[in-house]
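Here is the structure we will look at.
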Amino acid sequence: MIIRKYLPSDCKHLAKLFYQTVHSINAKDYTDEQLNAWATGNVDMEGWNRSLSENFSLVAMKDGIIIGFGDIDRTGYLDRLYVHKDYQNQGIATAICDKLEYAFQARKITTHASITAKPFFLHRGYTIIKKQQVIRSNVPLTNYVMEKRP
């Protein structure tokens, strides 16, 4: 596996990976209605490319295939961290997250973790600040505001 910086040509592949991951991995913790609101399949490619290009964004690849990605913004907000459904529990999210956190090691890092991702972040030393409901397409989704301090 290699981890490299994001390229604009990755965007459509990341959007597909995001959709597939949410609809498979997160299905144990969210209803179909919530999954469809969270990952509609209609990603704003221009917006995603802009944010991924502005943020510190990394892509994990294996045998020429994108298997995961993550990004963190200039404030230390870890926005996205997704690993392909067929590559779960192989240390890929950990490797990406290690590099993202290292880039901001002297600052507080925050994230909004899904129910599914909460144990991963707790294991990494993040603490829960609050449980919250966010609304996507008029559908409430539970997630957790979490932070990690240096």
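The sequence shown runs 120 to 269 under the working numbering.
Cβ coordinates follow ideal geometry from the N, Cα and C atoms, glycine included.
Quantities reported herein were computed from a predicted structural model and do not represent experimental measurements.
DSSP beta-bridge partners for Leu197? On the sequence shown, residue 197 is found 78 positions in, with the first residue counted as 1. According to DSSP, which records beta bridges pairwise, Leu197 is partnered with Ile191, Thr230.
Within the continuous alpha helix (DSSP H) that includes Thr150, where are the two ends? Stepping through the sequence shown from its first residue, residue 150 is reached at position 31. For Thr150, no alpha helix (DSSP H) segment is defined, and its DSSP state is neither H nor E.
Is the CB-CB distance between Gly166 and Leu177 below 7 Å? As a first step, residue 166 is located in the sequence shown; it is residue number 47 there, counting from the start. As a first step, residue 177 is located in the sequence shown; it is residue number 58 there, counting from the start. Their beta carbons are not under 7 Å apart, which means Gly166 does not touch Leu177 by this criterion.
Per-residue DSSP class, three states only, for Asn262: As a first step, residue 262 is located in the sequence shown; it is residue number 143 there, counting from the start. Here Asn262 sits in strand by DSSP.
Would Glu220 be called buried (16 or more neighbouring beta carbons within 10 Å of its own) or exposed? Walking along the sequence shown from the start, residue 220 turns up at place 101. Buried is the call here.
What residue range is occupied by the uninterrupted beta strand (DSSP E) comprising Met180? On the sequence shown, position 61 is the one that residue 180 refers to. From DSSP, the beta strand (DSSP E) with Met180 extends over 175-181.
Looking at the structure shown, is Thr159 part of a helix, part of a strand, or coil, going by DSSP? Position 40 of the sequence shown holds residue 159. Coil at Thr159, not helix or strand.
Please report the distance separating the alpha-carbon of Thr261 from that of Gln251. Translated into positions along the sequence shown, residue 261 becomes position 142. Translated into positions along the sequence shown, residue 251 becomes position 132. Taking the straight line joining both Cα atoms gives about 6 Å.
Thinking C-alpha only, which one of Ser128, Asn155, Tyr125, Lys124 is nearest Gln139? As a first step, residue 139 is located in the sequence shown; it is residue number 20 there, counting from the start. Answer by Cα proximity: Asn155.
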